[in-house]
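Q:
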Amino acid sequence: MPHVVTANCNDCKYTDCCVVCPVECFYQDETMLYIDPEDCIDCEACVPECPVEAIYSEPNTPSQWTSYIQLNVERSAALKAAGGDAHITEKSPAKEGPDCKKK
1 MPHVVTANCN DCKYTDCCVV CPVECFYQDE TMLYIDPEDC IDCEACVPEC PVEAIYSEPN
61 TPSQWTSYIQ LNVERSAALK AAGGDAHITE KSPAKEGPDC KKK
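Counted the way the working numbering counts, the sequence shown spans residues 1 to 103.
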């Protein structure tokens, strides 16, 4: 089962999770990060690294955020196809927008 980036990542882009991912399955847009379920190997390395507790295994995704499962599928595929700097594998400065609810 792949992992999913959920609502807590909205407007809070911390890339600590991307650095520990052994298969480099993270993608980003202007507002958040996404996990490509095709590449995720369910290693859970990213979960403890997320400072906003936004990453869950698919079956453990809170019910209010299950729509993020499909969002990760769609956005990661679109960003992967577009190429460019959407694929994130290294830590970059945090981007905290006005809607960020850092823990």
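Don't be surprised by glycine CBs; every beta carbon is placed ideally from N, CA and C.
Computed from a predicted structure; not experimentally measured.
Tell me, please, whether the stretch 44-52 touches the stretch 9-20 by the rule of three or more beta-carbon pairs shorter than 8 Å.
A: Yes, since at least three Cβ pairs between the stretch 44-52 and the stretch 9-20 fall closer than 8 Å, the two stretches touch.
Q: State the start and end residues of the unbroken alpha helix (DSSP H) segment that holds residue 67.
A: Run containing residue 67: 67-82, per the alpha helix (DSSP H) assignment.
Q: Under the DSSP definition of a beta bridge, which residues are partnered with residue 96?
A: Residue 96 pairs with 12.
Q: Would you give the residue range spanned by the beta strand (DSSP E) that residue 5 belongs to?
A: 3-5 is the span of the beta strand (DSSP E), which, as asked, contains residue 5.
Q: Check whether the Cβ atoms of residue 18 and residue 88 sit closer than 9 Å, and answer yes or no.
A: Going by C-beta atoms, residue 18 is nearer than 9 Å to residue 88.
Q: Can you tell which of 82, 45 and 58 has its C-alpha closest to the C-alpha of residue 2?
A: The shortest Cα separation from residue 2 among 82, 45 and 58 belongs to 58.
Q: Ends of the beta strand (DSSP E) at residue 28?
A: Where residue 28 is concerned, the enclosing beta strand (DSSP E) stretches over 26-28.
Q: Taking the continuous beta strand (DSSP E) assigned at residue 57, which residues delimit it?
A: Residues 55-57.
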